[in-house]
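Q:
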Amino acid sequence: MSKIIVDDITPPANAKADVLMFGTPKDRLDFYRKEIQYETSILSNRTDAYLSAQSFLVIAYASSMANLNPEWGKLFTLVVPPLLALFGLVSSLHAWPGIRSAYDIIDHWHFKQSQLLDSEPAMGAAYDESPLFSERESNEKRWRGALMFSMRSPFLFSVLWAILGVFAVYAQYTNPGG
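The letter at position 103 of the sequence shown is residue 1274 when you use my numbering, and the numbering goes up by one with no holes.
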C-alpha cells in the first residue's frame, strides 16, 4: 500500500480562525452587511414574485366570478373560483417557508453584526459616530418592522383566499344578489 506524504500545514498557534478569514473587525462588519443586503434582496425578490402571482390569481378570480354565460356560466362560476381560491391558499402556504427562511437568515446576520459592534468598543464607537452607520438603522425593532410586510403577506393572502373560496360557494347556492 502506498502513502502520500504531505507537509503538515498548520496555522501558527497565535493565529485565530477569524483573523485568518477577516483581517479586521471592519472587514467582518463589511461581510455581515453584504450578507444582510444579499439576503434582503432575496427576500424582496421572493415577495415580489409571490405578490405578482397573487395579483394574477385575484384578477382571474374576479373575472371568473363575473362570468355571465347562460349555457355554462353557473357551473363555471361554481367550480373555477373555489379552485382558484384553493390554489391561492396553497401557494400562500408554500411561499411562507421561503420567506420565513430569508427572514431568519437576515435575523442571524443582524445578530452577528450587533455582537461584533458590542464586542469591539472601537468599532462600536466609530459605528455610532458615522452617519453611514447609525444605531437607528441597526435597531432591531426598526429592521424587523421593515420586514413585516413580507412576513405578513402570505398569512393575509391565506385569509383572503379562504374568505373568497367560501364566498364563491355561498354566492352560488344562496343567490345573495337577487
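C-beta atoms are modelled at their ideal positions from N, C-alpha and C, and glycine is treated no differently. Being a predicted model, the structure only gives us computed values, none of them experimental.
Quick check: the segment 1204-1213 against the segment 1245-1258, are there 3 or more CB pairs under 8 Å?
A: They do not touch, by the three-pair rule.
Q: Have a look at Asp1201 and Ser1272 and give me their C-alpha separation to the nearest angstrom.
A: Your numbering for residue 1201 matches position 30 in the sequence shown. Your numbering for residue 1272 matches position 101 in the sequence shown. If you take the alpha carbons of Asp1201 and Ser1272, they lie about 22 Å apart.
Q: Given this structure, state the Cα-to-Cα distance separating Asn1133 from Pro1253, to the nearest angstrom.
A: Since the first residue of the chain shown is 1172 and the last is 1349, residue 1133 is not available in this structure.
Q: With a threshold of 16 other CB atoms inside 10 Å of the CB of Ile1334, please say whether the residue is buried or exposed.
A: As a working mapping, residue 1334 is identified with position 163 in the sequence shown. Exposed: under 16 other Cβ atoms inside 10 Å.
Q: Taking only three categories from DSSP, how would you classify Arg1323?
A: Counted from its first residue, the sequence shown places residue 1323 at position 152. Looking at Arg1323 - three-state DSSP - the assignment turns out to be helix.
Q: In three-state terms, what does DSSP make of Thr1211?
A: What you label residue 1211 is simply residue 40 of the sequence shown in a count that begins at 1. Correct three-state label for Thr1211: helix.
Q: For the alpha helix (DSSP H) containing Gly1194, list its first residue and its last residue.
A: In the sequence shown, residue 1194 corresponds to position 23, counting from 1. Run containing Gly1194: none; DSSP gives neither H nor E here.
Q: Rounded to whole angstroms, what is the Cα-Cα separation between Glu1291 and Trp1280?
A: Taking the first residue of the sequence shown as 1, we reach residue 1291 at position 120. Taking the first residue of the sequence shown as 1, we reach residue 1280 at position 109. Each residue's Cα considered, the two are about 16 Å apart.
Q: In chain order, what residues of the same chain have a beta carbon less than 6 Å from the beta carbon of Trp1267, not counting five sequence neighbours either side?
A: The residue labelled residue 1267 in the question sits at position 96 within the sequence shown. These residues qualify, in order along the chain: Pro1325.
Q: What residue range is occupied by the uninterrupted alpha helix (DSSP H) comprising Pro1268?
A: Here residue 1268 refers to the residue found at position 97 when the sequence shown is read from its first residue. Run containing Pro1268: 1244-1290, per the alpha helix (DSSP H) assignment.
Q: Indicate the three-state DSSP secondary structure (helix, strand or coil) for Ala1339 in the structure shown.
A: Taking the sequence shown and counting its residues from 1, one reaches residue 1339 at position 168. DSSP places Ala1339 in helix when its eight states are reduced to three.
Q: Would you call the CB atoms of Leu1257 and Gly1336 closer than 8 Å?
A: Position 86 of the sequence shown holds residue 1257. Position 165 of the sequence shown holds residue 1336. Yes; because the gap between Cβ atoms is below 8 Å, this pair is in contact.
Q: Around the C-beta of Arg1313, are 16 or more other C-beta atoms found within 10 angstroms, so that it is buried, or is it exposed?
A: The residue given as residue 1313 occupies position 142 in the sequence shown. Under this definition Arg1313 is an exposed residue.
Q: Thinking Leu1255 and Ser1235 are a contact (beta carbons under 8 Å), I'd like their distance in whole angstroms, please.
A: Taking the sequence shown and counting its residues from 1, the one referred to as residue 1255 is at position 84. Taking the sequence shown and counting its residues from 1, the one referred to as residue 1235 is at position 64. The pair is a contact, with the Cβ atoms about 6 Å apart (cut-off 8 Å).
Q: Pick helix, strand or coil for Leu1222, following the three-state DSSP scheme.
A: Your numbering for residue 1222 matches position 51 in the sequence shown. Reduced to three states, the DSSP call for Leu1222 is helix.
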